[in-house]
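Novice: Counting from 74, one number per residue, gives the positions in the sequence shown under our numbering.
Ideal Cβ positions, reconstructed from N, Cα and C, are used throughout, including at glycine.
Take a look at this one; I'll ask things after.
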Amino acid sequence: MTAPEGLNLPTIFQLLTNFAPLTLAESWDNVGLLIKPVKMQLIRKVLLTIDLTDDVMQEALEEEAQMIISYHPPLFNSFKRITNQWKDRIAATCLENRIAVYSPHTSWDSVKDGLNDWLAKCFDCESIVPISPYKFLEPGRNEITHSMSIKCPTTKVDELNLILNKTSCYGLFSSLPQNEEGYHKYDILCSVKELRNYKQFLEDNQCEFEVKNQTASKETLEGCGSGRICRLKTPISLSEAVDKVKKHINLPHLRLALAVGKTEESKIRSIALVAGSGASALRDAYADLYLTGEMLHHDILAANHQLTSVILINHSDSERGFLKEVAPRLESIFQNKVVVHVSKKDKDPLITV
């Protein structure tokens, strides 16, 4: 079998953020490129997982993946020391083996045709709209807005490296230098603020460069936002809803909390859903049924007393099925130059016994 051609990390990052802009993520989230090896390698194989656990890390090594896309961010809180704790160990292993790690998390929840829209496919819907539509804002001065391809004369490489290394903007990359008639090539992503600084240096030093705008337009963000409210084409019973969810996510058991005065044969017409943990997003959504991965006991009681039934799937089980759907889409986005494998070791930590 012929090895895939591969893409460099800046190109992969750019394609991923075109698919789901990181600005769609919740403000509290930690998304994007979380681990970037000092010496980057060409990416030919990506391992796709919900959680980056020890077992999944070992799988990535055995599969010889150059990149892991972990839906949940494996790094979230600040590090004060690197020890042998499991998350520290995973980060160290990735760096040691030059494996990049990218986490999309709530940007994939929010994007149109993303995870929440996949979950809505449980049902035959007349309409699907976000619970909280994304509000378009012009990017801030320090947000990534542009990509640059640069050819820098070899004599000026040290000066350019010094400028780039001083940059603290999230998501800055340089490609592995490649000699081409006395030039080194770079691909970078930068903010509008830094773009001005780079352009001044490049123009003053006879560097060739091309700039592309990476800002998501207002139009591309229509239909994006947290959660989804679905209106069914025809009413169905709660028991039918349960069967449809089981079939879609391929699980034999779910948990159902009936609204006050309702039975499993009660009809529903509207469903509010959030993959993962949905209590905060669902709290202000009126619907006959809430569908999510997990909710607190008292949030379930509150919903039931507001005449809303609740189906709970398990946190990551409400998300994992999306990976099989998105993997071939990612291969297409990567121009069929990268193989995307769905992890076989990834699983919800909870089992029904």
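Check each candidate in Ile-261, Leu-369 and Asp-197 and name the one with the smallest Cα separation from Ser-224.
Specialist: To locate residue 224, count along the sequence shown from 1; it is residue 151. Contrary to the premise, residue 224 reads as Lys rather than Ser in this sequence. Measuring from the Cα of Lys-224, the nearest candidate turns out to be Ile-261.
Novice: What three-state label does DSSP hand Ile-163 in the structure shown?
Specialist: Indexing the sequence shown from 1 puts residue 163 at position 90. Of the three classes helix, strand and coil, the one that applies to Ile-163 here is helix, per DSSP.
Novice: Can you confirm whether the segment 110-128 touches the segment 165-183 when touching is taken to mean that 3 or more C-beta pairs between the two stretches lie within less than 8 Å?
Specialist: Yes: the two stretches touch, three or more of their Cβ pairs being nearer than 8 Å.
Novice: Taking the DSSP output, what are the residues bridged to Pro-226?
Specialist: As a working note, residue 226 is residue 153 in the sequence shown. Tyr-256.
Novice: Helix, strand or coil: which one does DSSP assign to Thr-96?
Specialist: Here the question's residue 96 lines up with position 23 in the sequence shown. Helix, per DSSP.
Novice: Where DSSP assigns a beta bridge to Tyr-363, which residues make up the other side?
Specialist: Taking the sequence shown and counting its residues from 1, the one referred to as residue 363 is at position 290. Tyr-363 pairs with Ala-345 and Val-383.
Novice: Pop quiz: Lys-118 and His-414 are said to be a contact at Cβ under 8 Å. What is the actual Cβ separation, rounded to whole angstroms?
Specialist: Counting from one through the sequence shown, the residue named residue 118 turns up at place 45. Counting from one through the sequence shown, the residue named residue 414 turns up at place 341. Lys-118 to His-414, Cβ: 7 Å. Contact.
Novice: Which whole-angstrom value is the C-beta distance of Ser-391 and Ala-348, which I expect to be below 8 Å?
Specialist: Residue 391 sits at position 318 when you count from the first residue of the sequence shown. Residue 348 sits at position 275 when you count from the first residue of the sequence shown. Going by Cβ atoms, the distance from Ser-391 to Ala-348 rounds to 5 Å, so yes, they are a contact pair.
Novice: Provide the residue span of the alpha helix (DSSP H) that contains Ser-183, from first to last.
Specialist: The residue you call residue 183 lines up with position 110 of the sequence shown. It spans 179-183 - the alpha helix (DSSP H) in which Ser-183 sits, taken as one unbroken run.
Novice: So what does DSSP say about Lys-418, is it helix, strand or coil?
Specialist: For the purposes of this step, residue 418 is identified with residue 345 of the sequence shown, where counting begins at 1. DSSP places Lys-418 in coil when its eight states are reduced to three.
Novice: As a quick exercise: from Lys-410, Ser-151 and Thr-365, pick the residue whose alpha carbon is nearest that of Ser-389.
Specialist: Numbered from its first residue, the sequence shown carries residue 389 at position 316. Nearest of Lys-410, Ser-151 and Thr-365 to Ser-389, Cα basis: Thr-365.
Novice: Let's test the definition: count the other Cβ atoms within 10 Å of the Cβ of Arg-214 and tell me whether it reaches 16, buried, or not, exposed.
Specialist: In the sequence shown, the residue the question calls residue 214 occupies position 141. With a pLDDT of 45 at Arg-214, under the threshold of 50, the modelled position of this residue cannot be trusted; read the value that follows with caution. Exposed: under 16 other Cβ atoms inside 10 Å.
Novice: Report, in whole angstroms, the separation of the C-beta atoms of Asp-419 and Ile-116, which I expect to be a contact under 8 Å.
Specialist: Within the sequence shown, the letter at position 346 stands for residue 419. Within the sequence shown, the letter at position 43 stands for residue 116. Not confirmed; about 20 Å, so no contact.
Novice: Quick one, which of Ala-345, Ser-200 and Asn-323 has its alpha-carbon nearest Ser-382's?
Specialist: Along the sequence shown, read from residue 1 onward, the residue named residue 382 stands at position 309. Among Ala-345, Ser-200 and Asn-323, the Cα nearest to that of Ser-382 belongs to Ala-345.
Novice: By how many angstroms is the C-alpha of Ser-312 removed from the C-alpha of Ile-337?
Specialist: Your numbering for residue 337 matches position 264 in the sequence shown. Your numbering for residue 312 matches position 239 in the sequence shown. The question names Ile, but residue 337 in the sequence shown is Glu. Taking the straight line from one Cα to the other gives about 5 Å.
Novice: Spatial neighbours of Thr-227 within its chain, please: C-beta separation below 8 Å, excluding the five flanking residues on both sides.
Specialist: Indexing the sequence shown from 1 puts residue 227 at position 154. Correct list, in chain order: Asn-252, Gly-255, Tyr-256 and His-257.
Novice: Is it buried or exposed for Leu-235, if we count other Cβ within 10 angstroms and need 16 for buried?
Specialist: What you label residue 235 is simply residue 162 of the sequence shown in a count that begins at 1. Looking at its Cβ environment, which holds fewer than 16 other Cβ atoms inside 10 Å, Leu-235 is exposed.
Novice: Based on Cα-Cα distance, which residue from Phe-196, Asn-81 and Ser-183 lies nearest to Ser-343?
Specialist: Within the sequence shown, residue 343 is the residue found at index 270, counting from 1. Closest by alpha carbon: Phe-196.
Novice: Could you tell me the distance, in whole angstroms, from the CA atom of Ser-205 to the CA atom of Ser-180?
Specialist: Position 132 of the sequence shown, counting from 1, holds the residue named residue 205. Position 107 of the sequence shown, counting from 1, holds the residue named residue 180. For Ser-205 and Ser-180, the distance between alpha carbons rounds to 14 Å.
Novice: Skipping 5 residues on each side, what residues in its chain have a beta carbon closer than 7 Å to that of Pro-77?
Specialist: As a first step, residue 77 is located in the sequence shown; it is residue number 4 there, counting from the start. So the qualifying residues of the chain are Arg-117, Lys-410, Val-411 and Val-412.
Novice: Could you pull out every residue in the same chain whose Cβ sits closer than 6 Å to the Cβ of Ile-373, ignoring the five residues on either side in sequence?
Specialist: Position 300 of the sequence shown holds residue 373. Around Ile-373: Ala-330 and Val-383.
Novice: According to DSSP, is Glu-199 part of a helix, a strand, or is it coil?
Specialist: Counted from its first residue, the sequence shown places residue 199 at position 126. Correct three-state label for Glu-199: strand.
Novice: Kindly indicate the opening and closing residues of the beta strand (DSSP E) around Ala-330.
Specialist: Locating residue 330 in the sequence shown gives position 257, counting from the first residue. Its beta strand (DSSP E) spans residues 328-330.
Novice: In angstroms, rounded to a whole number, what distance separates the CA positions of Asn-278 and Ser-264?
Specialist: Walking along the sequence shown from the start, residue 278 turns up at place 205. Walking along the sequence shown from the start, residue 264 turns up at place 191. Rounded to whole angstroms, Asn-278 to Ser-264 spans 21 Å at the Cα level.
Novice: Taking its Cβ as the centre, do 16 or more other Cβ atoms sit within 10 Å of Asn-189, making it buried, or is it exposed?
Specialist: Start at 1 with the first residue of the sequence shown, and residue 189 comes out as number 116. Result: buried.
Novice: List the endpoints of the continuous alpha helix (DSSP H) containing Met-130.
Specialist: Here the question's residue 130 lines up with position 57 in the sequence shown. Residues 127-136.
Novice: Determine the DSSP secondary structure at Pro-83, reduced to helix, strand or coil.
Specialist: For this step, residue 83 is matched to residue 10 along the sequence shown. Correct three-state label for Pro-83: helix.
Novice: Could you round the C-beta distance between Leu-107 and Phe-86 to whole angstroms and report it? I think they count as a contact, below 8 Å.
Specialist: If you number the sequence shown from 1, residue 107 lands on position 34. If you number the sequence shown from 1, residue 86 lands on position 13. Going by Cβ atoms, the distance from Leu-107 to Phe-86 rounds to 12 Å, so no, they are not a contact pair.
Novice: Does DSSP put Pro-308 in a helix, in a strand, or in coil?
Specialist: Taking the first residue of the sequence shown as position 1, residue 308 is located at position 235. Of the three classes helix, strand and coil, the one that applies to Pro-308 here is strand, per DSSP.
Novice: Using only the alpha-carbon positions, how far apart do His-219 and Met-130 sit?
Specialist: Residue mapping note: residue 219 aligns to position 146 of the sequence shown, counting from 1. Residue mapping note: residue 130 aligns to position 57 of the sequence shown, counting from 1. Distance between the alpha carbons of His-219 and Met-130: 32 Å.
Novice: Under the three-state reduction of DSSP, which class applies to Ser-241: helix, strand or coil?
Specialist: Counted from its first residue, the sequence shown places residue 241 at position 168. Low local confidence applies: a pLDDT of 46 at Ser-241 is under 50, so the model's placement there is unreliable, and no value is given.
Novice: Given this structure, state the Cα-to-Cα distance separating Leu-245 from Val-104, to the nearest angstrom.
Specialist: Reading the sequence shown from its first residue, position 172 is the one you call residue 245. Reading the sequence shown from its first residue, position 31 is the one you call residue 104. Low confidence applies here, because Leu-245 scores a pLDDT of 43, under 50, leaving its location unreliable; read the following figure in that light. Looking at the two C-alpha atoms, the distance is approximately 14 Å.
Novice: Pick helix, strand or coil for Ile-204, following the three-state DSSP scheme.
Specialist: One-based indexing of the sequence shown puts residue 204 at position 131. It is coil, neither helix nor strand.
Novice: Going by the DSSP bridge assignment, what does Ile-302 pair with across the sheet?
Specialist: Translated into the one-based positions of the sequence shown, residue 302 becomes position 229. Paired residues: Val-202 and Ala-345.
Novice: Of the residues Asp-102, Met-368 and Thr-166, which one's Cα is nearest the Cα of Ile-155?
Specialist: By 1-based counting over the sequence shown, the position of residue 155 is 82. Cα-wise, what sits closest to Ile-155 is Thr-166.
Novice: Cutting at 8 Å between CB atoms, please list the residues of its own chain near Lys-335, excluding the five before and the five after it.
Specialist: Counted from its first residue, the sequence shown places residue 335 at position 262. For Lys-335, where only same-chain residues beyond five positions count, the Cβ hits under 8 Å are Leu-311, Leu-380 and Ser-382.
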